[in-house]
Structure formats: structure tokens, C-alpha cells
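Q: Chains as they are written, first to last, in this note's numbering: chain A, 14 to 284; chain B, 2 to 299.
#1: Rounded to whole angstroms, what's the CA-CA distance from residue 91 of chain B to residue 97 of chain B? Just pull it up for me.
#2: Express the C-alpha separation of residue 100 of chain A and residue 62 of chain B in angstroms, rounding to a whole number.
#3: For a contact defined as C-beta to C-beta under 8 Å, what are the partners of residue 98 of chain B on chain A?
#4: Count the CB pairs spanning the region 142 to 158 of chain A and the region 183 to 194 of chain A that are closer than 8 Å, and state whether there are at least three.
#5: From residue 109 of chain B to residue 99 of chain B, what distance separates their C-alpha atoms?
#6: Residues of chain A with a CB under 7 Å from the CB of residue 89 of chain B: which are they?
#7: Would you please state the rounded distance, in angstroms, between the beta carbons of residue 198 of chain B and residue 211 of chain B? I believe it to be under 8 Å.
#8: Of the residues B/50, B/221, B/232 and B/240, which one's Cα is nearest the Cα of residue 265 of chain B?
#9: If you draw a straight line from the alpha carbon of residue 235 of chain B to that of residue 286 of chain B, how long is it in whole angstroms?
#10: Going by DSSP, what residue range makes up the alpha helix (DSSP H) through residue 1 of chain B?
#11: Please confirm if residue 161 of chain A has its CB atom under 8 Å from at least one CB of chain B.
#12: What residues in the region 83 to 108 of chain A have a beta carbon less than 9 Å from any beta carbon of chain B?
#13: DSSP state of residue 268 of chain B, grouped into three classes?
#14: For a test of the three-state rule: what should DSSP assign to residue 81 of chain A, helix, strand or coil?
#15: Less than 8 Å between the beta carbons of residue 259 of chain A and residue 181 of chain A, yes or no?
#16: The ligand NAP and residue 242 of chain B: does any heavy atom of the ligand fall closer than 7 Å to the residue's C-beta?
#17: Between which residues of its own chain and residue 90 of chain A is the CB-CB distance below 6 Å, once the five residues before and five after are set aside?
#18: Judging by CA-CA distance, which residue of A/279, A/250, A/249 and A/239 is the nearest neighbour of residue 268 of chain A?
#19: CB-CB under 8 Å to residue 9 of chain B, same chain, minus the five flanking residues each way: which ones, in chain order?
#20: For residue 268 of chain B, which of B/276, B/226, B/249 and B/104 has the nearest alpha-carbon?
#21: Which residues, in chain order, does the region 63 to 78 of chain B contribute to contact with chain A at a C-beta distance below 8 Å?
#22: Can you confirm whether residue 210 of chain A, when its beta carbon is compared against all beta carbons of chain B, has any partner nearer than 8 Å?
#23: Does the region 209 to 221 of chain A touch the region 107 to 124 of chain A, meaning 3 or more C-beta pairs lie closer than 8 Å?
#24: Between residue 116 of chain B and residue 94 of chain B, is the Cβ-Cβ spacing less than 8 Å?
#25: Using the C-alpha atoms, what's the distance from residue 71 of chain B back to residue 127 of chain B?
#26: Just confirm the distance between the C-beta atoms of residue 221 of chain B and residue 252 of chain B, as a whole number of angstroms; I'd bet it's less than 8 Å.
#27: Going by DSSP, what residue range makes up the alpha helix (DSSP H) through residue 181 of chain A?
#28: Within this structure, are the beta carbons of residue 49 of chain B and residue 78 of chain B separated by less than 8 Å?
Following this line, the structure appears as C-alpha cells:
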């Protein structure tokens, strides 16, 4: 091979730049940036707006279609909660996978070379969106309950306690964490969304099919089926055994894969 | 200043970057030249912490990139102009970068103007951008933090000749102000127009480096004559290496020596000059011939 080796040129007498002090990037700013990125595309905006629209439609549907004696706060909460529990995890997934599917991570992780900080900021932003939407949903449901019962001329019933609301919030947070876990593990928008629906829609069907035929699964399934274990949160009360089942299933199906996914995100090459 | 010290990156048994060492000096534009797949992008990704090296290190102004508190204010990076969320507008992408760096909003409009993107273009979504517009947006992202160092991977790709001239003037001004510029290209003529220094890489190894003028001088002399064989014999007697080219020779010697040899041999010359771009191009192909995908066919 021909190799031409020449002495590296001496640097020219360019004027030295004045040194300036550079302050580190605060985490609050990163959370603000990640929050902004969740809303600044059409897809992101309409996804989050969709949660609000779905809540209003669900409220209207309850007012129009629900029988008078079922016109309670719980009915409103359930109707609003159903679309939200499906959409929020998708919000979590897209906030993460966009960096890989759209390759914007090349810029993101160059401006902030500590990926853990970016992922943490995303998690905080996602959690913020989740909590704000759930509080908004609670308010929309409350207004629906007031208006609906006034129209129907029945007594207004507030039958969702603060504890029960807390359980619903926890169930939604677990759902979003599952989305987050699948997103860091798969790092592809379409793949992670499909995986999420397999995980939360297909697996429970298979599990209940098993349970109807296999006695062993019927008895021990709650210790293995995360969807079953977390659905207990919607029943308004949790026994010690149910908390243990939730702990065991989330450890296996959520926290361990999440740890593997996070490790991969921190180490993998960004291309 | 960017300092690359014995950088190696292996993927399994494949060595993408093989003990690469070079320096991009302050106040100069350094061109990183090599055929596709030579290891330029991998080297640049390692520089900014996106890829972990197998061994070796890169320092920027003496520091590891990951140790920079707010890298956007110190190093402007453009790795792939197309790697942006297609659903964001150009202005929004720049605003997100500015917000990350903690810059005032006014810098967005200033920087858009600096790279020649109009208000109307900045309001369009990036999926509707041409490659040239994406490059300008990418340059804007690199410049907005007013850094001292620029690392640009194939920035001239997709620019028209006027765009390439614009970039040359921009990078020239940046280097003259005491900045350091490293830009890569697989096209010699692009880099020839822009760079002061050249680092040539082929199959992960550095095959040549030096200032452009040195490498041009090393490219020798171009001579055209109707009797190339006779001139070649005369030069070989003088122990000078020649390479036949269309209608003449490329000679590893200065024009004066070639002129004297031609005079002694009684050969009539049609052209005699220092090999400039053509010589460098030939050198580039020669240096990378063994390592390039196209091999000898190039």
C-alpha cells in the first residue's frame, strides 16, 4: 500500500478564542424539552389531544346512553378511563421510540451525551402528562356527573373514593411503565406499539383461555399474569395477596425487562 | 483542537476503524476524506460519544466529549442531516436545540438567517425539505450554540455548487475566527474546495495526511506529450517514478526536472504543470485503490 506520510501541519496563529464558562444543563430544562417534544409534532399533539377528546366523548355517551340508576361517578370514571388506559402507554412509547425510529436521537444524545439523563427526563415528562390527564379526566367526569344527574333529575352519587382514584392512577402508571419498558427494549415505534397490544390485549385472552381449561393456571395464574394482577386495582380494594401478586408479576414482566432495556439504551450505538 | 489517538472500533471480527490517529488543528479546516464505508462516520460518532471505541481515545480541546457540561455550546455537530423527526418544522427543531442549550429564543431566527433558510422554509415540516435544506438546518443546529469546534459529516452532500461555495466561505470564516473544523466527504472535489488540511482514510486506516498544499506537491507533475513512452524512458533513467495517464504522464518530481529530461530526450511538450486537483484525485484513487470497494476498477 502506498502511504504518504507528512508531518502534521503546525497550527496557525489564529486568534485564540476567549474562554467562557459553560454551565451544566439542569434536569428541569431537559424535562421541559422532552415535554415540548411530546407535543410539537402533529402525531404527538393529536395523540394527547385525543385523550381529552375521548374523555369528553365518553362523558357525553354516558349522559346520553347510561340508565338513570347507573348515572354515578364510577360509571363516568370507568367510561373515561378505558380509552385513556389505552392511549397513555402509546404516548409513553412514542416519546421514546421517536428518537430511534425518526433518528432524532442522533441530535438529542449529542447535545446531552449522558443518555440516562435524557431517559430520566422523558420518564418525568411522561409521568407529568399522565397525572395531569388523569386529574383532568377526574374533573371532566365530575362535571359530567353533575350535569348528567341534573338532566336526568336523579341524586348525584360520588362513589369513587380517593383511595380508589389512587388505585386507578397506579394502574395507569403501570400501563405506561409497560409501554416505556417495551419502548426501551424494542426502540422502534411500530414494533413497540404492536408489542404493547400483544402484551395487553392478546396475552390476557390466551391467559383466560388457559384458565378456563387448566385448573393449575386458574389457581396460580394471578401470580404469573401481570394483566390479571394489575386489573385487581380497578376493583377498588386490594388484599395483601393481591399486592404480592402485583409485586411478583411486575418484577418479572416489567422491572427486569425494563432494567435490561435501559442497559441496552445506555450502551447501544446511536446510528 | 480535536485529537484522535490510536482509535480502534471493532464489530465482532470486522475492524471498522483501525488505529486511527490525527489532529484537527485550531484555525484550520480539516477534511476527512475517504470512500464510502471507510470508517469516517464511525470515527465521528466515537468523537461525540454516540459509539464506544474498542480502544484509543478522542479529545476535544483536551477533554473527553462526555465531560463537556453543555456540549452544544462548545462543539457543533452534524452527523446526518436526514436524522430529524420528519413531523417537526425546521424552526421547531432549531428551537428545541436552542432550548436544550439554554439559549435565548432570538438566536433561532438569527441562525436561520445565517444559514439562508427563509421564514417560509423554516415553517415547513422537515419531511418536505430537500437534502440541501436539511443540510442547512443541520449546519444551523451545529452553529446555534456559537461553538469553537465543528464536526460535520458529509455536510456538502446535497448542496448545489453555490451552496458548496457558501459553505466554504462559512467554514473559512469560522476557522479564521479561531475555530476548529473537521468535515468529512467521500468526494475529493468538495473537500478540495473547502479544506486546508486533509486526512485520507481507507478501510479504517489512515493512508495519507497533511496540508492540502503538501499533498498537492506530493502529487507531482502533470506532463502531456505526443511521445510519452520516450519521455517515460528518459525519466526512468533519472530514477523518477512515472504513471501513464491519458495523453501523458504523472511524474513524482517537480516540473523543472521533467522539463530538463524532456529537453535532453528531445521530446516536444504540450503541457507541463504541477499536478493540482487532477493529481490529488489520482492520488486519492491510488491511495484508496487497495482499500476501496471498487478496487482497481476505480
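C-beta atoms are modelled at their ideal positions from N, C-alpha and C, and glycine is treated no differently.
A: Answer, in terms of the structure:
#1: 10 Å
#2: 47 Å
#3: 120 and 124
#4: yes
#5: 7 Å
#6: 53 and 54
#7: 7 Å
#8: B/232
#9: 26 Å
#10: Shown here, chain B extends from 2 to 299; a query on residue 1 of chain B therefore has no answer.
#11: no
#12: none
#13: coil
#14: helix
#15: no
#16: In terms of ligand content, the structure shown is empty, and the ligand NAP therefore cannot be addressed.
#17: 154 and 173
#18: A/239
#19: 16, 18, 19, 20, 21, 54, 55, 56 and 57
#20: B/226
#21: 66, 67, 69, 70, 71, 72, 73, 74, 75 and 78
#22: no
#23: no
#24: no
#25: 26 Å
#26: 5 Å
#27: 175 to 199
#28: yes
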